[in-house]
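Residue numbers (the working numbering): 1 to 817.
Some notes on the structure that comes next.
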Amino acid sequence: TPTQNVFLDLQTTIAGRTPVETIEGGGNGEHGLLGLAFHPNYASNGYFYVAYTVRISGGSYFQRISRFKVSASDPTVADPASELILIQQLDEGANHNGGDLHFGADGYLYYTAGDEENPYDFRLNSQKINKDFFCGIFRFDVDKKPGNLAPNPHPSIPTDAGVARFSVPIDNPFVHTSLGGTWNGTYNGAAVTPLSGVRTEFWATGLRHVWRFSFDSLTGDMWAGDVGQDVYEEINKVVKGGNYGWIYREGMHDTAFTNPVPPAKPAGFTSIDPVYEYVHAAIAGGDASLKGNSVVGGDVDRGNRYPSLVGTYIFSYSVSGHVWQMDTTTGATTRLAGLPGAYGVFSTQGVDPSNKDLLFGAYLTGKIMRLSTGSTVNDGFPSTLSATGLFSDLTDLSPAPGMLAYQPNLTFWSDHALKRRWFTIPDPAARMTFNAEGNWTYPTGTVWVKHFDLELSRGNPATAKRIETRVLVKTDTGSYGVSYRWNEAQTEATLVEDAGTEFDVAIDDHGTPHTQRWQIPGRSSCLTCHTPQAGHALSFNTRQLNRAGSINGFSGNQLTVLSEGGFLHGPAPTVANLARHVRPDETQYPLEMRARSYFAVNCAYCHQAGGNGNGFWDGRAHLKLEETGLVNGMPSTTGNPLNKYIVPGDTSHSIVLNRMAATNGFTRMPPLGSTEVDPTNIQLITDWINSELTTRPIYDTWRSSHFAALDSAGDRTADPDGDGLDNYREYLLGSSPLTGAGAWQAQVQNGASPKLRFLRKSHRLYSIQTSETLGSWSAWTPAGLPSGYSAQDEWIELPIPTTPGGKQFFRFQVSEP
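See below:
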């Protein structure tokens, strides 16, 4: 029975150092421990090597390659005090760190590094052999064998009395003839000067982000998966000195993105095409079982468990869990299997040294799995929708007893589809746990069903055609999803294979014939969106369910109905105090509120802290707008310095809008499951950018109107006028931070009908509490108090009811959305 033991805890190892070192989560799970390799003579010298990401003094990140040694007293643990740092490369990016380590049959250590950060090589590391340790595979002599060379100086190479802790093999491809090597001093047809600046450690160049590579244990051939940018993923046979094309090439094609425009190829540029390429899942057409994003890499099988696999390259893909078999000579590829949805995405591959079985790692759950035989079609799931027992009658989709319909406030964009939803908790004693703003928790076995109809004539419900029905199941370790595709007779739906599928649907778009490509996601593609960070069930949360509806024959606010129906732990939530998502057509609400709802539903499942999305913005609706990083947020690219996530008054440079619409050279988001743009919400975000957002108060803008740049008197907690209100509260209330006068105040108008009167500032949230004694306060929610916030200033007057004691006090809490 496999067991696990902590061999080396890097967090503990680096704790207490000066300056302070930490290991923190990073973009796409690419920080922390990235690679480990045992020295070929480990049995005698106890050496092993790790590649990991470390943050120093809370500031910069570094990619580090270190040697450790096994404990002298306990062979099951490492000696944490034995670290010897070989490389410490400054890394300004959050991902594309690579970090795989292997010793070759030649006894040298090989290491891979990406282009420092996605996207488009904007940090300008590709096609350079005289800069840093990025965009390639590197080869080191950690034993410093006689005849090999000292590395050229570099800030990332520590030395002892000026001597580096490794050597460069003299037969590396970029060791000049003057040093005893074979290189003529040119790269891409141009001379590289000075020679002292060349990174002679390079083994291969032009690689965008090799996450995992391996050696064929029989032939010694090196194989690497290279993660693509917009269209293609690569499997490369890596040879000494090979240039694999990035940024001039992606797959077997010249790069063709337009924002930014790739640099022109030098006249002397030549490259090696991959043995195999496959397109991204969002690219229309082709076999869905041979598509995907973010290749992991793989291994040439040299085991004896499955003779049909021996000598072929078995590789995988992280987002949807495909496992493929490739002929190493022809590149012919077939799909073998897929990772069941409950496990999450692949993150690594390896070989069991005891029997050469192929092993796979699942990042989301920390599982190590072994490749074995089994069905690639249904994995034990019911083969038809009727066999699931979820519906008592497919003719009208009457749900089975216990399957309860519900409706969210705002539906995710699904390429014009009309959707219906149901849920069930099979265990009658089980309960869900409500959370006002965060994710709910659900008992194991909870099932959600979502059905898709598509109008064959846009806007005509009578032409609706059943397309697919999806099922999401909560497990004790996560969740998984399966899909059923409806037949042409509309009488039954059949389980879609775990790779997913896609097909064309003929549409009449208001008189114009249109062919719509429909994509049914693979089972593990479901987990691209339905992640633990996003709460698994994306439409089953407070902001989505806080609306009037009917559940199980009982009508009212759906949250109240769920609570009173015994589905929730604890007391019923007070729905009047809870936020909700709003639709684009609810024009009584500000554009910002509608836009934020759109981002929360359509983007935040990836774009949030800990999510799968690239970039540094967070779409969750409960955050303040400033906290999202959206407005004037800097992307991880310098393609055009004017481009930011959302630019008030400037749609052409607002990246998020351009990604929604696939305009101005940007590729479209979301990357999975959609081929049609969303005109309603594109217009919504356009209107928000061009109108309301141009005058929307932002603290930094307010600060610059009152204080000089870098003046500490403008800090949020400062109180330069000494009136007891810090700057942030002055900003919230709309008063001057400099005069000590003109502070915002509410007024009580006495008389026969007393009223509480106050100025409701734009983009401010107000809650009022009342007390008769100044000792005990309670929420006051009179009928005339507007919910949410407004885009304009307005005066509010609220009738004050009489109280038995004749006294009543009020206090306000003011915040911003």
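By construction, the Cβ of each residue, glycine as well, lies at the ideal position given by its N, Cα and C atoms.
Only a predicted model underlies this, so the values are computations on that prediction, with no experimental measurement involved.
In this structure, DSSP gives N243 an extended state, which the three-state scheme calls strand.
The three-state secondary structure of G286, taken from DSSP, is coil. At the C-beta level, L733 and W744 come within 8 Å of one another. Counting every other CB atom within 10 Å of its CB across the protein chains shown gives E564 a total below 16, marking it as exposed. Below 8 Å, enough C-beta pairs join the segment 266-285 and the segment 183-195 to call them touching: three or more. Shown here, M403 sits in coil according to DSSP, grouped into three states, outside any helix or strand.
Of the residues N409, T411, S386, the one whose Cα lies closest to the Cα of P399 is S386. Looking only at P2, I520, P513, the smallest Cα-Cα distance to A493 is reached by I520. In this structure, the alpha-carbon of A37 lies about 57 Å from that of Y789. Between the alpha carbons of V631 and H607 lies a gap of roughly 15 Å.
Around the beta-carbon of I507, 16 or more other beta-carbon atoms lie within 10 Å, marking it buried. Annotation: K450 to K465 spans about 15 Å, alpha carbon to alpha carbon. Contact annotation: S778 and Q769 have beta-carbon atoms nearer than 8 Å. Sorting A94, F140, I129 by C-alpha distance to the C-alpha of L109 places F140 at the top. Between the segment 346-355 and the segment 288-305 there are three or more inter-stretch CB-CB distances shorter than 8 Å, so the stretches are counted as touching. Out of N727, L90, A78, the CA that lies nearest to the CA of V54 is found in L90. Here the alpha carbon of P260 sits roughly 42 Å from the alpha carbon of F68. A straight line joining the alpha-carbon of Y49 with that of Y248 spans about 33 Å. When DSSP states are grouped into helix, strand and coil, E277 belongs to the strand group. Looking at the DSSP output, N557 bridges to A548.
Annotation: the segment 287-352 contains the following complete segments of the beta strand (DSSP E) (minimum length 3 residues), in chain order: 295-300, 313-317, 322-326, 333-338, 346-351.
Taking the C-beta atoms as reference points, T663 is found no nearer than 8 Å to Q516. Between K237 and W223 the beta-carbon gap is near 6 Å, inside 8 Å, which marks them as a contact. Within its own chain, the residues whose Cβ lies closer than 6 Å to the Cβ of Y728, once the five positions on either side in sequence are excluded, are R716, listed in chain order.
In the three-state scheme derived from DSSP, where H, G and I count as helix and E and B as strand, T717 is classed as coil. Rounded to the nearest whole angstrom, the C-alpha separation of K291 and Y278 is 6 Å. The Cβ atoms of V473 and S479 lie closer than 8 Å to each other.
A direct Cα-to-Cα measurement between W702 and A709 gives close to 12 Å. Sixteen is the threshold: when 16 or more other Cβ atoms of the shown chains lie within 10 Å of the Cβ of D121, as they do, the residue is buried. Between the segment 437-457 and the segment 415-423 there are three or more C-beta pairs closer than 8 Å, enough to call the two in contact.
Here the alpha carbons of T219 and R305 stand approximately 20 Å from one another.
Collapsing the DSSP output to three states places W413 in coil. Taking C-beta separations shorter than 6 Å and ignoring five residues to either side along the sequence, the partners of D723 in its chain run G740, following chain order. Between the segment 74-87 and the segment 165-176, the count of C-beta pairs closer than 8 Å reaches three or more; the two stretches touch. Counted as a single uninterrupted DSSP element, the beta strand (DSSP E) harbouring H451 occupies residues 447-455.
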